[in-house]
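According to UniProt numbering, the sequence shown holds residues 1 to 313 in order. C-beta atoms are modelled at their ideal positions from N, C-alpha and C, and glycine is treated no differently. What follows is a short report on a single structure.
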Amino acid sequence: MTVPEVYAGVDIGGTTTQVALCTTELTILSRAELATPAARGGAAMVAAAVDAVRMLLSRTPAQLLGVGVGAAGVVDTRTGEVVAASDSFVDWAGFPVADTIATDLAVPAFLDNDVNAFLRGEATGGAVAGEPSVLGMTLGTGVGGALWLDGRLYEGPHGAAGEIGHVPGFGDLPCSCGGRGHLETLASGRSIGARYADRTGRVATAREVARAAADGDPDARAVFDAAGTGIARAVLIAAGVVDVTTVVVGGGVSAAWSLLEPPIRAALAAEPPVSGQPIRLVRAGLGSDAVVVGAASRVRTELAGVLREAPTH
């Protein structure tokens with residue numbers, strides 16, 4: 001019996017790690033979710049992911065062609081190492097993620113920042129599939145951004161292209177990165193809770209603030225209005241700088257889309273892009289699968305490049 005060829009996509013987050021086996025068309029055949037052992041260090045996190053890949057292969061016999069990883073933090077996609085990470089992770093910065101996985105599973109492995117992997121997924125099999133140029137934005141614990149230009153991910157010369165969450169000009173509040181006045185201070189899950197506490201003195205999670213807003217709490221609504229207006233301004237900055245007018249938004253905070261979308265669209269209508277082209281704003285279509293699909297897509301792209309470059313005889 002012929003077994004299918006698959007790519008493994010891995011999403012290593014601060015709380016959970018998701019692993020999926022994808023066909024060569026990027027359809028998910030099998031998936032698993034496990035707690036990320038972030039406090040035990042990089043070796044433990046990668047070992048847990050490798051064990052999950054092996055478990056899925058035992059359940060779904062297939063020929064593994066390669067592994068793609070989307071990881072939280074700043075990564076070097078060329079070396080496959082984590083460059084910097086938050087203090088939620090132990091011994092993660094400097095860890096050779098791709099080389100360790102390649103050795104353990106005896107297949108090629110590649111590493112992306114999780115937001116870049118998210119955008120790869122949405123641009124190859126999600127809400128913006130087929131779009132040549134897209135700004136991707138994730139609203140989670142922080143605010144991440146990525147750029148898809150002319151049908152491929154654009155990382156920039158230093159790997160930070162599209163990081164719209166850390167552009168200043170959104171007030172003067174301190175940001176988690178050490179800067180001030182970044183979009184993240186308005187639109188991340190952590191910041192939505194903090195801005196609500198500033199207004200009311202009540203401690204709440206972003207989800208709780210969203211529920212309060214849906215119930216008509218004016219302070220909660222004001223917090224989401226500020227987040228939406230800030231997101232629109234960031235979108236317009238990107239549209240003015242790189243002429244990208246398609247935007248896909250994902251991450252946990254985007255679950256409150258009914259609260260975010262109206263102020264975003266109102267702000268965009270009040271000040272359209274200088275190009276005169278309308279903004280196409282869409283919510284991510286792959287949900288929590290976006291990063292694993294994007295990570296698998298990276299493998300497919302890299303291995304296709306190797307085949308194209310191989311000499312013929």
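Per DSSP, the continuous alpha helix (DSSP H) segment holding Gly-240 begins and ends at 218 to 242. Taking 8 Å as the upper bound for CB-CB distance, Arg-280 and Thr-246 are in contact here, some 4 Å apart. Our two residues, Gly-189 and Ala-206, have alpha carbons roughly 5 Å apart in a direct line. For Glu-208, there is no enclosing beta strand (DSSP E); the enclosing alpha helix (DSSP H) has its first and last residue at 206 to 214. Per DSSP, reduced to three states, the secondary structure at Trp-257 is helical.
Put simply, the backbone Cα of Leu-105 is about 33 Å away from that of Asp-150. The stretch 4 to 72 contains, as complete beta strand (DSSP E) runs of 3+ residues, the segments 5 to 12, 16 to 23, 28 to 35 and 63 to 71 (chain order).
Distance between Val-128 and Gly-66, taken at the CA atoms: about 25 Å. Residue state for Arg-202 is assigned as coil, using DSSP reduced to three classes. In summary, Asp-289 is buried, with 16 or more beta-carbon neighbours lying within 10 Å of its beta-carbon over all protein chains present. Shown here, Ala-146 sits in a strand according to DSSP, grouped into three states. In this chain, Gly-126 is not harboured by any beta strand (DSSP E), its DSSP state being neither H nor E. A check of alpha carbon separations from Ala-255 across Val-299, Ala-239, Leu-286 and Gly-276 identifies Leu-286 as the nearest. In the DSSP annotation of this structure, the continuous segment of the alpha helix (DSSP H) that includes Asp-99 starts and ends at 97 to 105. Secondary structure note for Ala-187: its alpha helix (DSSP H) is the uninterrupted segment 184 to 187. By alpha-carbon distance to Gly-250, the top candidate from Gln-63, Arg-300, Arg-120 and Ala-269 is Arg-120.
In the three-state reduction of the DSSP assignment, Arg-78 falls in the coil class. Given a length threshold of 3 residues, each whole run of the beta strand (DSSP E) inside the stretch 269 to 307 is given here in chain order: 280 to 283.
Going by C-alpha positions, Val-293 is about 22 Å away from Gly-42. Annotated three-state conformation of Leu-173 is coil, per DSSP.
In the same chain as Ala-102, and ignoring 5 residues on each side of it, the C-beta atoms closer than 7 Å to its own belong to Pro-108 and Ala-109, in chain order. Under the three-state reduction of DSSP, Phe-110 is assigned to strand. Under the DSSP assignment, Gly-136 falls in the beta strand (DSSP E) whose first and last residues are 134 to 139. In the three-state reduction of the DSSP assignment, Val-90 falls in the coil class, being assigned neither a helical nor a strand state.
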